[in-house]
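Protein chains in written order, with the working numbering: chain A, 1 to 113; chain B, 1001 to 1111.
C-beta atoms are modelled at their ideal positions from N, C-alpha and C, and glycine is treated no differently.
The structure appears right after this line, and notes come after that.
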């Protein structure tokens, strides 16, 4: 089992560019989520999904889109990158969204100049 | 919306000293989870507390969930250099399909 994988590990974007952060899990988990981590702010939920075809917004969804066409994959799209989106992004998965531990991927460090 | 506050933000101790981090929620929680993140790494699940007043131990780590299910603490006895990292609490309100994380407590240790 690879667990939760994320690509790329590092990315530098210019303001206004778009990109997709990839996340995949091989544990057949129904629940997947995206967080961003900024110094002193902890982990803030961007979007989450309770199953294929179902997504919902978290605390900080603006500027990000998600889709969940398969159980395994949950990509995060930045539509028009801004310097405020410079952060470390973590994808996580769990059996369900109800009282189960979350397994985190290794993260993507994104810098927007 | 639901907020989870964690203190202190930083803690530096001598190896062998004890360490405690506290977590407070603005709303009653159905459960609280604790995670550890080593420097440069990703958060790793430590434990989940569900019952009011629950206390769980993992070797030198003791986790408590408050009677009102709005606060929690993590206590490490006799810290070791392997305990270095950031400890996060994450609370889930009843019916909500999402965790709200505290800001984390970064623990550094002087050997």
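Using DSSP with H/G/I as helix, E/B as strand and the rest coil, what is residue i?
i                      : result
residue 1082 (chain B) : helix
residue 1033 (chain B) : strand
residue 84 (chain A)   : helix
residue 19 (chain A)   : strand
residue 1056 (chain B) : strand
residue 1062 (chain B) : strand
residue 67 (chain A)   : coil
residue 11 (chain A)   : strand
residue 29 (chain A)   : coil
residue 1038 (chain B) : coil
residue 1007 (chain B) : strand
residue 79 (chain A)   : coil
residue 1100 (chain B) : strand
residue 1024 (chain B) : strand
residue 1071 (chain B) : strand
So, does the CB of residue i fall closer than 8 Å to a CB anywhere in chain A?
i                      : result
residue 1050 (chain B) : yes
residue 1042 (chain B) : yes
residue 1065 (chain B) : no
residue 1024 (chain B) : no
residue 1098 (chain B) : yes
residue 1009 (chain B) : yes
Does residue i have its Cβ less than 8 Å from a Cβ in chain B?
i                     : result
residue 98 (chain A)  : yes
residue 101 (chain A) : yes
residue 21 (chain A)  : no
residue 41 (chain A)  : yes
residue 8 (chain A)   : no
residue 74 (chain A)  : no
residue 106 (chain A) : yes
Determine the chain B residues that contact residue i at a beta-carbon separation under 9 Å, and present them in chain order.
i                    : result
residue 60 (chain A) : In chain order: nothing, as chain B lies at least about 11 Å away.
residue 13 (chain A) : The premise fails here: residue 13 (chain A) is roughly 22 Å from chain B at the closest Cβ pair, so nothing lies under 9 Å.
Where does the unbroken beta strand (DSSP E) through residue i begin, and where does it stop?
i                      : result
residue 56 (chain A)   : 54-57
residue 42 (chain A)   : 42-51
residue 1048 (chain B) : 1044-1049
residue 96 (chain A)   : Premise fails: residue 96 (chain A) is in no beta strand (DSSP E) and is neither H nor E.
residue 1110 (chain B) : 1105-1110
residue 111 (chain A)  : 108-112
For the putative contact between residue i and residue j, defined by C-beta atoms under 8 Å, what is the C-beta separation to the nearest angstrom?
i                      : j                      : result
residue 28 (chain A)   : residue 71 (chain A)   : 6 Å
residue 1072 (chain B) : residue 1049 (chain B) : 6 Å
residue 69 (chain A)   : residue 52 (chain A)   : 7 Å
residue 8 (chain A)    : residue 108 (chain A)  : 6 Å
residue 164 (chain A)  : residue 63 (chain A)   : The requested residue 164 (chain A) is not part of the displayed model; chain A covers only 1 to 113.
residue 73 (chain A)   : residue 24 (chain A)   : 5 Å
Which chain B residues are close to residue i, counting only those with a beta carbon under 8 Å from its beta carbon?
i                     : result
residue 32 (chain A)  : None at all; the shortest Cβ gap to chain B is about 11 Å.
residue 48 (chain A)  : 1097 and 1098
residue 110 (chain A) : The contacting residues do not exist; residue 110 (chain A) stays about 15 Å from chain B at best.
residue 78 (chain A)  : Within chain B, no residue comes near residue 78 (chain A); the closest Cβ sits about 20 Å away, beyond 8 Å.
Using a C-beta to C-beta distance shorter than 8 Å, which residues of chain A count as neighbours of residue i?
i                      : result
residue 1102 (chain B) : 42
How would you list, in chain order, the residues of chain A whose beta-carbon sits under 7 Å from the beta-carbon of residue i?
i                      : result
residue 1033 (chain B) : 101
residue 1092 (chain B) : 99
Which chain A residues sit within Cβ distance under 9 Å of residue i?
i                      : result
residue 1030 (chain B) : 98 and 99
residue 964 (chain B)  : Given a span of 1001 to 1111 for chain B in the structure shown, any question on residue 964 (chain B) remains unanswerable.
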